[in-house]
Amino acid sequence: MEDRSAKYRAFYAQLICAAAKATDPRIEQAFRTVRREPFAGPGPWSISVGGHPYVVTPDDDAAFLYQNTLLALDPARGLNIGMPGAHAYWLSGCGVREGETVIQIGAGSGYYTAILAELTGPSGHVHAYEIDQRLAALARENLKDIPHVELKDRSGIASDLPGADVIYVCAGAAQPAAEWLEALRPRGRLMFPLAPEGMLGGMLMITRPDEGAMWPAKFVGRAQFIGCAGLQDADAARRLADAFAKGWESVQSLRRAGAPDETCWFAGEGWWLSTAPAPVQTDPIRPHADLTQT
């Protein structure tokens, strides 16, 4: 049987990687390989560009799925399969390699879990967490034929997280969970939206050094997500809004010890972001300010 969406996927993969300025051919290949239809469910579908209202497709032609748009999983709650161009950019920044172990927080129906599984290859492992029981059931069904993916229908904020080379978070948070930081292996990368629910924040990448409490950190662009349960804080949200209004490109490190000094951009409980560099810097990622996701 002919794969009706093959030509759509080929064009779509090129389109979103061009939008993301992604140069790793493995990113394009992953988006070309993974079919979006199972994760979207039956059409017609509700799609949106950024914060604009949803538009319902006229029918279930798969061509509507292969655009650089948000795809609603639950329009009433604003739950989506996120903007592909934004995810292509963020995944490119994570530098997921074959054989690595990845934790994904907020799997949704499993689309980006499948993309991550393509990037790790069968020698790697993807641990995906989804707290919403309906979405977790959909993800489990969609991912059942990928043996190196493990789907857990519970919170990804837990002390028993496996050691990981990459943690990829698809839910907004007012702070990095201590459990995520502890689960990172040396030189591991955490990519998460420092963006409390309902607020345009920023996608922050943190790299764990071999030693020390000063970790390289940088925002790679603005981002907005559905909120991550357990990591919401109204006071932090207000203070973060003020911090983002004054700029975000200058952040260079995460500090997990010591009192905040004059380089402090934002301080949370037991952590703070500084405009001063960490002793060991990571490869540069050029910020992409116009990529957002909800």
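Just so we're aligned: the sequence shown equals residues 1 to 294 in full-length UniProt numbering. No residue lacks a Cβ here, since even glycine has one placed at the ideal position from N, Cα and C.
For Asn-68, there is no enclosing beta strand (DSSP E), since its DSSP letter is neither H nor E. Each of Ile-103, Leu-119 and Ile-16 was checked against the Cα of Gly-95, and the nearest Cα belongs to Leu-119. Beta-carbon to beta-carbon, Gly-172 and Glu-197 are separated by about 6 Å, close enough to satisfy the 8 Å threshold. In this structure, Gly-108 lies away from Leu-143, with their beta-carbon atoms at least 9 Å apart.
In the three-state reduction of the DSSP assignment, Pro-38 falls in the helix class, which pools H, G and I.
With contacts defined as CB atoms closer than 9 Å, Ser-92 and Ile-167 fail to qualify as a contacting pair. Secondary structure note for Pro-193: its beta strand (DSSP E) is the uninterrupted segment 184 to 194. Here Phe-266 has Ala-243 and Leu-273 as same chain residues with Cβ atoms under 6 Å from its own Cβ, once five neighbours each way along the sequence are excluded. Within the DSSP bridge table, the entry for Val-126 names Val-102 and Val-149 as partners.
DSSP places Pro-216 in the uninterrupted beta strand (DSSP E) bounded by 214 to 223. By the neighbour-count definition (other C-beta atoms within 10 Å, threshold 16), Gln-14 is an exposed residue. In the three-state scheme derived from DSSP, where H, G and I count as helix and E and B as strand, Tyr-111 is classed as helix.
For Gly-201, the enclosing beta strand (DSSP E) covers residues 201 to 207.
Pairing Ser-123 with Gly-99 gives a Cβ-Cβ distance under 9 Å.
Around the beta-carbon of Pro-84, 16 or more other beta-carbon atoms lie within 10 Å, marking it buried.
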